[in-house]
Amino acid sequence: MSASIFAQKDSLAVNKNETLKIIPQEKGGVYDALAPSKAAFYSAIFPGMGQVYNKKYWKTPIVWGALGTSIYYYLDNNKEYKKYRTAYKLRKNNLKDAFTLEDGTEIISLETLERAQNQLRENRDLSLLTTVILYVLQIVEASVNAHLLQFNTDDNLSLKPTFINDPTWVEAPKVGLRIKYNF
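Numbering follows numbering that gives the first Met the number 0, with no gaps: position 44 of the sequence shown is 43.
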């Protein structure tokens, strides 16, 4: 068995004749506590504006596309639901509907009209729920992104796995962990 211990030389050691001078480092920016709430407010007013406020411009078309798609499906399902609902009501009152031919032949049965409108109503409601969820998620995303933009992501703060060579046991390298931090 062997053990290797490595130490570093103290870079803050001060001679008796020297005085220690602390020079403040300039940080990347000052923490703005209102930035996340501003981003969330802008996203709530107009979807995608929180992403623009955070200068993540590429996310804005994704937000618009997601919300636009779910709104499109809501409107389409609602239109079809109204069409089948109207035909169902007319058929129940023994009137001619959109699914009855000129000679009185019914293309779709009454039960099929009922099932179709139930399915379309479910799809419409699901599209509305999806729209609301996407709207809330884009607000949350803008707020969280504004929080994360204020964190220090400097390369000097890192965690790197490395191999440690043991001079007494050459055959198998040992896996170690190096935590490197600078102030």
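Glycine included, every Cβ here is placed at the ideal spot set by N, Cα and C.
Counting the other CB atoms within 10 Å of its CB gives L147 a total below 16, which places it among the exposed residues.
Between the C-alpha atoms of Y52 and I132 there is a straight-line separation of about 21 angstroms. Per the Cβ contact rule, the stretch 75 to 93 is in contact with the stretch 112 to 122 (3 or more Cβ pairs under 8 angstroms).
By alpha-carbon distance to G103, the top candidate from L112, R114, A115, R90 is R90.
Residues Q149 of the same chain have their beta carbon placed closer than 7 angstroms to that of Y30, with the five preceding and five following residues left out of the count. Note on the stretch 36 to 97: whole alpha helix (DSSP H) runs with a minimum of 4 residues are 48 to 52, 58 to 91, in chain order.
DSSP places T129 within a helical segment (H, G or I) once states are collapsed to three. Distance from the Cα of P46 is smallest, within the candidate group T59, Y72, K95, for T59. S142 counts as buried, since at least 16 other C-beta atoms from the protein chains shown sit within 10 angstroms of its C-beta. By the Cβ-count criterion, I138 is buried, with 16 or more other Cβ atoms from all chains shown falling within 10 Å of its own Cβ. Y71 has its alpha-carbon roughly 18 angstroms from the corresponding atom of V135.
Taking E110 as reference, the option from D124, S126, R84 with the minimal CA-CA separation is R84. Of L100, A65, A34, the smallest CA-CA separation from L128 is found for A65.
Q50 and T130 have their C-alpha atoms some 18 angstroms from each other.
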